[in-house]
Amino acid sequence: GFHLTQIVLHTLNSFLALLVLLLARVPRRVALGAAFIYSAHPIHVESVVWIASRKNLLSSFFIFLSMIYYLRHVQRPAFSWGNYLAALCLFVLALLSKPIAVVLPLIFILYDLCMANRGLRLTEKIPFFFGSFLVAGATFLIPSAGHKIVDYAGGDFSLTVLYMMRAYWDYISSLVFPFSLSPLYYYTRSNLWEWQSLASYILIPSVVVLSVTRRRAKPLFTFFVGWFFFWLLPVSNIVPLTTLRQDRYL
Numbered sequence: 009g010f011h012l013t014q015i016v017l018h019t020l021n022s023f024l025a026l027l028v029l030l031l032a033r034v035p036r037r038v039a040l041g042a043a044f045i046y047s048a049h050p051i052h053v054e055s056v057v058w059i060a061s062r063k064n065l066l067s068s069f070f071i072f073l074s075m076i077y078y079l080r081h082v083q084r085p086a087f088s089w090g091n092y093l094a095a096l097c098l099f100v101l102a103l104l105s106k107p108i109a110v111v112l113p114l115i116f117i118l119y120d121l122c123m124a125n126r127g128l129r130l131t132e133k134i135p136f137f138f139g140s141f142l143v144a145g146a147t148f149l150i151p152s153a154g155h156k157i158v159d160y161a162g163g164d165f166s167l168t169v170l171y172m173m174r175a176y177w178d179y180i181s182s183l184v185f186p187f188s189l190s191p192l193y194y195y196t197r198s199n200l201w202e203w204q205s206l207a208s209y210i211l212i213p214s215v216v217v218l219s220v221t222r223r224r225a226k227p228l229f230t231f232f233v234g235w236f237f238f239w240l241l242p243v244s245n246i247v248p249l250t251t252l253r254q255d256r257y258l
């Protein structure tokens, strides 16, 4: 019964992911391909079979639902209070499921800038950011939350940026070549001067700069790049944590 519940949740999340992409007016074939990858990617195995920790599935469920109602709100000609409040309430449920949902307001801004061309509209995001700040503060300041802040990797933030880019490189590698995945917090500090690290220092900034400069010409590309980097931002060690990288974060 526990495993069946997990499978049902993951199946629902896969359909909701497809619905989000279609509502965002992503081309149908691209949306179907992305939803299929989401449903079948080995990175989800741990979250689906780990019945003692349902937070990944629950947070994804409420994140996708919140996005659906936000997109419906944005696509209405007038301010849609019903859809807006539904998006906000579902966002709160996502936050209560897992703190990773703090990123969702940034995703809303990303969508507004890249796909909807409606500007920042920061005023309507204030309640969302308020919830994000509350949960982020509770996560890192309350000892029982289980997240311990440590010193920056390498001793200072400048070196941590290099570790962050290397971690992003490894996440991209695991996305494309999902082999040797591990449920353990196994990741140790890698050599900052090996070839993969050096390649990450070139690739990651280049992709970010390209996505920003090509936002008007290639909005879908910018949206996808932003989606990938924003969701990994809280676990990329921009706030120093005990773990540099872990497969399930992908």
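In our numbering, the protein residues as written are 9 to 258. Backbone N, C-alpha and C define an ideal beta-carbon position, used for all residues, glycine too.
Would you kindly work out how many angstroms separate the C-alpha atoms of residue i and residue j, rounded to a whole number?
i    : j    : result
D120 : T168 : 30 Å
A94  : S74  : 7 Å
P85  : V56  : 39 Å
S22  : A43  : 6 Å
T230 : T221 : 9 Å
S140 : I134 : 10 Å
H126 : L228 : Checking the sequence, you will find Arg at residue 126 rather than His. Their backbone Cα atoms lie some 15 Å apart in a straight line.
L29  : Q14  : 23 Å
G41  : A32  : 15 Å
F63  : L98  : It should be noted that the sequence gives Lys, not Phe, for residue 63. Looking at the two C-alpha atoms, the distance is approximately 15 Å.
H11  : W58  : 8 Å
W89  : W201 : 52 Å
L118 : P248 : 25 Å
Y78  : F136 : 11 Å
S205 : Y92  : 42 Å
Y179 : P113 : 23 Å
V48  : A60  : The sequence given here has Ala at residue 48, not Val. Each residue's alpha carbon lies about 21 Å from the other.
K226 : F236 : 16 Å
V217 : F148 : 31 Å
S219 : G9   : 44 Å
L268 : A207 : The chain is shown only over 9 to 258; residue 268 falls outside these bounds and no answer can be derived.
R5   : A124 : Given that the chain is displayed from residue 9 to residue 258, the structure contains no residue 5 and the question cannot be resolved.
V184 : P50  : 11 Å
I76  : P186 : 29 Å
Can you tell me which of the three DSSP states residue i falls into?
i    : result
L262 : Since the displayed the chain opens at 9 and closes at 258, residue 262 lies outside it and no answer follows.
R37  : helix
W203 : helix
I76  : helix
Q83  : coil
H49  : coil
F69  : helix
K106 : coil
P242 : helix
A94  : helix
F99  : helix
K226 : coil
L29  : helix
F23  : helix
W58  : coil
L211 : helix
F237 : helix
L189 : coil
S88  : coil
Q254 : coil
Quick one: what's got a C-beta closer than 7 Å to residue i's C-beta in the same chain, skipping five residues either side?
i    : result
L101 : F70
H52  : H18
R129 : D120
V215 : V233
S68  : N21
L241 : V111
S105 : K63, L66, S67, F70
Below 6 Å CB to CB, which residues in the same chain sit around residue i once its five sequence neighbours on both sides are set aside?
i    : result
V143 : L103, P107, V110
V243 : Y257
L24  : F72
Report yes if the C-beta of residue i is less than 7 Å from at least one heavy atom of the ligand FMN; otherwise report no.
i   : result
L98 : For the structure depicted, the ligand FMN is absent and the ligand set is empty, with no information on it obtainable.
To which residues of the same chain is residue i closer than 8 Å at the C-beta, ignoring the five residues directly before and after it?
i    : result
W239 : I108, V111, I115
L65  : Q14, L17, H18, N21, S55, V56
A161 : L167, T168, Y171, R197, N245, P248, L252
I212 : M173, Y176, W177
R223 : L121, C122, T230
L27  : F72, I76
R36  : L30
S182 : I51, L189, D255, L258
Those runs of the alpha helix (DSSP H) which lie wholly inside the stretch 110-181 and span at least 4 residues: 112-119, 134-149
Inter-stretch contact at 8 Å, needing at least 3 Cβ pairs: the stretch 183-191 / the stretch 241-258: yes
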